[in-house]
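Protein chains in written order, with our numbering: chain A, 2 to 173; chain B, 2 to 173; chain C, 2 to 173; chain D, 2 to 173; chain E, 2 to 173; chain F, 2 to 173; chain G, 2 to 173; chain H, 2 to 173.
Backbone N, C-alpha and C fix where the C-beta goes; we use that ideal spot for every residue, glycine too.
These numbers were taken from a predicted model, which means no experiment stands behind them.
Quick notes on the structure that follows.
8 protein chains.
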Amino acid sequence: MKNPLVGIVMGSSSDLSIMEEAAAILRHFDIPYEMTVASAHRSPEKTREYARSAQRRGLNIIIAGAGGAAHLAGFIASETVIPVIGVPIESTPLRGMDALLATVQMPSGVPVATMAVGRSGAKNAGILAMQILSLHRPDLTEKLLEYKEEMAHQVEEMGTEVAKHRETSDKV
Amino acid sequence: MKNPLVGIVMGSSSDLSIMEEAAAILRHFDIPYEMTVASAHRSPEKTREYARSAQRRGLNIIIAGAGGAAHLAGFIASETVIPVIGVPIESTPLRGMDALLATVQMPSGVPVATMAVGRSGAKNAGILAMQILSLHRPDLTEKLLEYKEEMAHQVEEMGTEVAKHRETSDKV
Amino acid sequence: MKNPLVGIVMGSSSDLSIMEEAAAILRHFDIPYEMTVASAHRSPEKTREYARSAQRRGLNIIIAGAGGAAHLAGFIASETVIPVIGVPIESTPLRGMDALLATVQMPSGVPVATMAVGRSGAKNAGILAMQILSLHRPDLTEKLLEYKEEMAHQVEEMGTEVAKHRETSDKV
Amino acid sequence: MKNPLVGIVMGSSSDLSIMEEAAAILRHFDIPYEMTVASAHRSPEKTREYARSAQRRGLNIIIAGAGGAAHLAGFIASETVIPVIGVPIESTPLRGMDALLATVQMPSGVPVATMAVGRSGAKNAGILAMQILSLHRPDLTEKLLEYKEEMAHQVEEMGTEVAKHRETSDKV
Amino acid sequence: MKNPLVGIVMGSSSDLSIMEEAAAILRHFDIPYEMTVASAHRSPEKTREYARSAQRRGLNIIIAGAGGAAHLAGFIASETVIPVIGVPIESTPLRGMDALLATVQMPSGVPVATMAVGRSGAKNAGILAMQILSLHRPDLTEKLLEYKEEMAHQVEEMGTEVAKHRETSDKV
Amino acid sequence: MKNPLVGIVMGSSSDLSIMEEAAAILRHFDIPYEMTVASAHRSPEKTREYARSAQRRGLNIIIAGAGGAAHLAGFIASETVIPVIGVPIESTPLRGMDALLATVQMPSGVPVATMAVGRSGAKNAGILAMQILSLHRPDLTEKLLEYKEEMAHQVEEMGTEVAKHRETSDKV
Amino acid sequence: MKNPLVGIVMGSSSDLSIMEEAAAILRHFDIPYEMTVASAHRSPEKTREYARSAQRRGLNIIIAGAGGAAHLAGFIASETVIPVIGVPIESTPLRGMDALLATVQMPSGVPVATMAVGRSGAKNAGILAMQILSLHRPDLTEKLLEYKEEMAHQVEEMGTEVAKHRETSDKV
Amino acid sequence: MKNPLVGIVMGSSSDLSIMEEAAAILRHFDIPYEMTVASAHRSPEKTREYARSAQRRGLNIIIAGAGGAAHLAGFIASETVIPVIGVPIESTPLRGMDALLATVQMPSGVPVATMAVGRSGAKNAGILAMQILSLHRPDLTEKLLEYKEEMAHQVEEMGTEVAKHRETSDKV
């Protein structure tokens with residue numbers, strides 16, 4: 002098994018179905034990754050060790066997803082200098098606005114690359130990781146360009162589908 | 002010098018004018034306290050040591066003030082079991098709503114006793130600390146009751162002042 | 002039956018399933034508590050008497066949960082000098098933002114130790130109460146440290162579960 | 002001096018410049034009023050007595066202005082059955098959104114007639130009081146109709162002024 | 002059939018289940034009322050005529066409920082000098098925050114007595130109407146005091162229920 | 002088939018059920034339209050070509066609906082000088098507030114005529130398109146006036162329905 | 002003097018400095034316009050007459066700016082079928098969020114083409130008016146295309162300026 | 002002059018004082034960069050060419066700052082597969098909340114690494130760029146670790162300063 006280049010961390014196993022979106026992208030691009038649970042508040046020791054050992058263990062990027070007062074990404078970013086991508090998760094009555102602000106509003110000196118709240122954000126975390134890795138891997142750049150084309154193609158197909166719907170409406 | 006019972010921590014020395022409100026209350030009630038700067042993100046090592054040594058060093062309560070993605074209070078609460086009081090500080094264009102949500106929306110298991118955003122919150126952090134300490138110090142209870150009476154008295158005086166203003170308006 | 006040390010108050014019996022989270026913590030730590038309904042707006046007389054008699058009746062802490070223009074915790078805090086912990090409850094279309102602001106934005110002089118909106122907040126209210134009581138009960142400190150370790154352990158187990166999921170994904 | 006029909010209460014003398022807008026309306030309509038300071042949190046005893054004695058003392062309406070976790074109007078409404086008009090005041094970094102939600106989101110059974118945040122709200126509190134009193138005083142109805150006409154007239158004049166400005170722009 | 006004293010207006014028949022709460026209060030207090038649909042935007046002519054004829058037809062108070070850019074109450078208030086009570090209704094993805102701000106933030110000169118968003122607000126609109134009418138009907142004051150007592154009694158009963166639940170928990 | 006005068010574009014085929022509201026209005030007024038999917042972010046090339054060719058192809062108006070960081074309408078408006086109508090769609094946990102702000106807060110020089118979030122907004126986009134086209138087609142003005150009357154009539158009927166409900170309540 | 006094609010209406014003469022941005026655009030494009038003050042709430046009669054006579058008087062478009070519970074644009078849109086453009090103005094402590102929601106969240110059937118809050122919104126209202134008028138005036142289309150080019154040119158120049166700044170920084 | 006590795010783009014030259022924070026970091030780390038103005042809405046052609054040529058011209062990362070309906074970063078991200086970092090800028094009455102949501106809430110497939118609103122965000126954009134570049138430049142990793150240490154040191158010094166203030170307070 003290849004050494005993971007990306008670490009996906011989440012604050013609770015209940016975030017798995019969201020964070021799995023990031024993992025799916027990494028598998029799609031054939032990038033070895035690891036996945037674990039670590040809580041900034043409930044298991045700070047583990048989180049710290051995870052963050053501190055990340056670079057040494059060969060990780061290039063950490064993707065961290067959490068809800069509420071979502072400190073996970075920021076906590077990790079305070080302990081490493083590899084890029085940290087934050088995914089705010091909707092897990093409280095405030096619908097993710099809390100997680101978004103707690104993830105993005107980092108002070109000078111400790112950035113977290115923040116994604117959209119929820120599922121789209123997790124998927125994009127995977128893609129941003131690919132973009133970062135691609136800077137020294139032309140094969141990934143190729144794949145990302147293909148992915149972009151594929152997206153455009155899918156939109157094209159949706160356009161055809163909608164245009165058909167439009168014609169049908171006419172006949173009614 | 003007496004051993005401090007309360008530690009006041011802030012994320013930056015620019016928060017001092019706000020957090021001084023908490024200190025003023027502690028001095029008013031004659032409670033030994035200490036005051037320092039520690040950043041969850043920029044000096045995590047120091048913050049952790051501070052939090053971990055707190056109980057051993059005799060602190061009963063920690064008051065932590067921070068702005069933006071305000072993780073300071075939550076970070077400390079993850080490392081100690083003494084009560085942690087959080088003061089959200091307005092330090093970004095989002096006017097403290099970010100600091101409030103990042104402080105208060107803590108996950109199950111790690112509470113932060115959150116105060117109002119800004120100056121009133123800092124002052125109330127001092128008073129809540131007094132209330133906690135008073136549970137085993139009847140003298141503090143006495144002082145808190147006097148403080149409450151004094152507040153009511155001040156409101157009474159403001160009422161008199163406003164009533165006078167009202168009479169003057171009449172004559173105009 | 003032992004004299005209650007903690008009073009749990011809620012604005013309506015419909016808040017019971019939320020506030021029960023606080024009670025469960027108190028039972029877990031074997032702390033005698035009482036539980037009642039009192040409304041700042043619909044039964045102010047009872048609420049006042051409850052708050053005023055609290056200290057005399059031996060209560061050390063009051064936990065108050067309410068929704069909407071959630072005045073319950075602040076009302077009680079205005080009538081006693083023992084610590085009051087507020088739990089904002091989501092009970093209107095505004096999803097608890099109203100309860101949060103009405104609970105936390107207290108004026109100088111009358112603090113409410115505010116928790117997260119909803120279930121996590123209620124649970125944390127119980128834990129904060131334990132932390133306060135533990136200041137003079139080393140046995141509770143021990144139990145709180147065990148609780149913290151248990152949480153870290155649970156996160157560890159979730160991590161293992163997620164890592165397994167990750168391996169399975171690989172094989173697919 | 003005539004017996005006051007309207008009581009204007011505010012949480013602090015610092016709210017006077019705002020609440021004076023309500024008073025000015027009452028003077029304009031020649032309605033006897035009283036004005037005082039009472040705080041739901043800092044002088045609950047006085048506030049309660051004020052609210053409880055209101056009807057007996059001949060008050061028909063109470064106008065209450067407060068900021069932050071603005072409980073003043075709701076507190077008074079819980080102790081009387083005469084109409085209570087609430088004016089949310091901007092006095093914290095959250096710019097009055099806290100005061101608005103804490104005033105308006107009252108539970109079933111205890112209404113507060115909530116006005117806009119700040120100066121306009123205070124003025125409108127005075128006018129709503131007039132509208133309520135006018136239900137049994139045709140002279141006030143006349144005056145309110147005149148006031149409405151006068152407003153329309155002022156808007157008309159502003160229109161003329163703006164039209165002139167428009168013509169001048171043309172010549173430039 | 003007695004002449005209606007209160008008019009309940011709503012922007013759409015889909016608001017009926019909410020606004021029925023206001024009507025139920027009026028029936029409870031035995032106050033004749035009328036109920037109709039009028040839209041500030043879709044039937045302005047009818048709304049204006051409704052508002053303009055209100056006083057002449059003997060109405061003392063108008064209760065208006067609407068969602069979204071909720072102009073109904075403000076529109077009516079611009080055409081009459083009898084008190085207008087506004088009920089913001091949750092009818093868009095923005096969950097009633099739009100209706101609240103569009104109802105409460107009225108300019109100087111044209112007040113709308115704004116209630117909480119939704120069901121509680123509609124019920125309270127009915128009670129506020131009673132409070133206004135009671136100023137010249139001591140019998141209504143009596144009934145309102147009874148209603149207040151009944152509420153306190155209900156809370157008391159909920160307290161008993163919750164205390165029982167608490168005892169049961171103990172035995173588990 | 003007549004040349005389309007209005008283009009309806011959406012960011013994804015999942016927005017179709019919302020945007021169909023706009024199309025239904027255009028069919029009702031017998032205006033030829035086209036419908037497609039184009040994404041500002043996933044198919045920028047197609048979107049640009051669509052926007053750039055719009056005027057040449059005879060389109061008078063473009064209606065664009067999108068969710069999240071909804072750039073579609075603004076993107077199109079940057080590439081054409083025909084009027085662009087934006088419909089914010091609720092498609093993330095932030096309930097459309099993100100789409101609203103991303104659509105409406107356009108910089109000086111590039112307007113987007115923004116509608117309400119969701120279904121009502123899509124329908125109104127269709128009506129605004131009719132209003133614009135009607136400036137040179139008196140027949141459309143006639144139809145719009147009829148539509149307005151029909152709306153008023155429907156409200157009238159809802160009023161009758163509600164009044165009946167009111168009478169029934171009385172008898173209960 | 003030519004017959005005005007566009008009417009600019011504002012809720013108060015204090016909105017003039019904002020709404021003048023729209024007027025400046027109209028003058029730049031040499032479109033005759035008129036400008037007045039009309040308040041949905043303070044001068045409904047005038048506002049209605051203004052809206053009702055608009056089409057008859059030859060107006061093609063109305064631009065309406067207002068703050069707070071900004072009903073002006075919606076009010077006008079309810080009385081005419083020519084396009085109405087709404088400009089939310091920041092005039093209360095809630096910083097224009099109230100005006101934005103009260104303007105944009107219109108119900109089905111009565112659209113308001115909503116612009117950004119404040120100065121940019123007013124300017125864009127003027128440009129949208131030009132875009133609408135240009136549909137039957139190729140000369141305006143030409144001018145709008147020139148305006149677009151000029152904007153791009155200005156951005157180009159800003160780019161040069163910033164690039165220079167960058168070089169200077171290098172030398173420091 | 003060395004070939005730039007990072008491009009800093011902003012929507013207007015008025016954003017320069019904010020975006021200069023990013024540039025200062027790049028200079029501090031001795032990374033060649035370029036700086037320009039490009040507007041998603043006012044100069045889309047230039048922006049597209051800039052984004053499309055970025056990789057070919059040797060840029061590794063683009064930092065894009067914009068306010069309001071801030072589409073700049075997302076626009077660029079739609080045209081390239083190198084990482085794009087977005088800085089939301091406060092430039093409207095909505096205080097940057099609009100820019101934050103318009104930047105961060107990107108749809109699946111097109112990530113923008115979003116930073117905090119304003120000055121801190123711009124600085125952190127520079128640091129995140131360093132972190133990304135450091136993945137293949139151990140010298141940068143060293144410098145980033147030193148930078149982190151220096152930050153911790155500065156916090157330490159602020160702590161000493163605050164502790165001194167605390168002692169002085171004591172003597173007063």
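For residue 44/H, which of 136/G, 163/G, 154/G and 171/G has the nearest alpha-carbon?
154/G
Contact residues within the region 35-46 of chain H, judged by C-beta distance below 8 Å to chain F
40, 41, 42, 43 and 45
I need the boundaries of the alpha helix (DSSP H) containing residue 48/E, first residue and last residue.
First-last of the alpha helix (DSSP H) with residue 48/E: 45-55.
Reduced DSSP secondary structure (H/G/I, E/B, other) of residue 36/F:
strand
With distance defined between alpha-carbon atoms, name the residue in 21/E, 34/E and 41/E nearest to residue 156/F.
41/E
Thinking C-beta only, is residue 99/A closer than 8 Å to residue 102/B?
yes
Under DSSP, the beta strand (DSSP E) around residue 65/D begins and ends at which residues?
That run of the beta strand (DSSP E) goes 62-68.
For residue 69/G and chain D, any beta-carbon pair shorter than 8 Å?
yes
With a threshold of 8 Å between beta carbons, is residue 21/H in contact with chain B?
no
Are there three or more Cβ pairs, one per stretch, closer than 8 Å when the region 111-118 of chain D is compared with the region 109-128 of chain G?
no
Among all the DSSP beta bridges, which residues are the ones paired with residue 115/D?
87/D and 115/E
I want to verify the contact list: residues of chain E whose CB lies under 7 Å from the CB of residue 11/F, in sequence order.
Near residue 11/F there are no residues of chain E at all, since even the closest Cβ is about 17 Å away, more than 7 Å.
Residue 55/H at chain G interface by Cβ criterion, 8 Å:
Not one chain G Cβ lies under 8 Å of residue 55/H.
Interface partners of residue 163/A on chain F, CB under 8 Å:
Correct list: 11, 14, 17, 36, 37 and 38.
Please confirm if the region 54-65 of chain F is in contact with the region 44-63 of chain E, defined as three or more CB-CB distances below 8 Å between the two stretches.
no
Exposed or buried, which one is residue 92/B when buried takes at least 16 other CB atoms within 10 Å?
buried
Bridge partners for residue 8/C per DSSP, in chain order?
35/C and 63/C
Span of the alpha helix (DSSP H), counted from its first residue to its last, around residue 98/F:
98-105
Where does the unbroken alpha helix (DSSP H) through residue 29/H begin, and where does it stop?
17-29
For residue 14/G, which residues in the same chain have their Cβ closer than 8 Å to its Cβ, ignoring the five residues on either side in sequence?
Residues 38 of the same chain have their beta carbon placed closer than 8 Å to that of residue 14/G, with the five preceding and five following residues left out of the count.
Beta-carbon of residue 116/F versus every beta-carbon of chain H: anything under 8 Å?
It does not: the Cβ of residue 116/F has no partner Cβ on chain H nearer than 8 Å.
Quick check on residue 138/B: buried or exposed, where buried means 16 or more other Cβ atoms within 10 Å of its Cβ?
exposed
What's the call for residue 72/H, buried or exposed, on a 16-neighbour Cβ count within 10 Å?
Classification for residue 72/H: buried.
Could you give the first and the last residue of the continuous alpha helix (DSSP H) run that contains residue 95/F?
Premise fails: residue 95/F is in no alpha helix (DSSP H) and is neither H nor E.
If we cut at 8 Å on Cβ distances, does residue 107/G have a partner in chain H?
no
Against chain H, with Cβ distances strictly below 8 Å, would residue 88/F count as a contact?
For residue 88/F, the closest Cβ of chain H is not nearer than 8 Å.
Kindly indicate which residue of 79/C, 20/C and 117/C has the alpha-carbon position closest to the one of residue 95/A.
117/C
DSSP three-state assignment for residue 80/E, whether helix, strand or coil
coil
Reduced DSSP category for residue 137/E - H, G, I as helix; E, B as strand; rest coil
Collapsing the DSSP output to three states places residue 137/E in coil.
Own chain partners of residue 125/H with C-beta closer than 7 Å, once the 5 adjacent residues on each side are dropped:
116 and 117, listed in sequence order.
Does the distance from the C-beta atom of residue 90/E to that of residue 75/E stay below 8 Å?
No, Cβ-Cβ distance for residue 90/E and residue 75/E is not below 8 Å.
Between the region 130-149 of chain E and chain C, which residues of the former have a C-beta closer than 9 Å to a C-beta of the latter?
149
In or out: residue 171/B buried (at least 16 other Cβ within 10 Å) or exposed?
exposed
Proximity test, Cβ basis, 8 Å: residue 93/G and chain J:
The structure shown has no chain J; the protein chains it does contain are A, B, C, D, E, F, G and H.
Can you give me the Cβ contacts of residue 129/G inside the same chain, cut-off strictly under 6 Å, excluding the 5 residues immediately before and after it?
86
Pick out whichever of 31/C, 51/C and 29/C has its Cα sitting closest to the Cα of residue 9/C.
51/C
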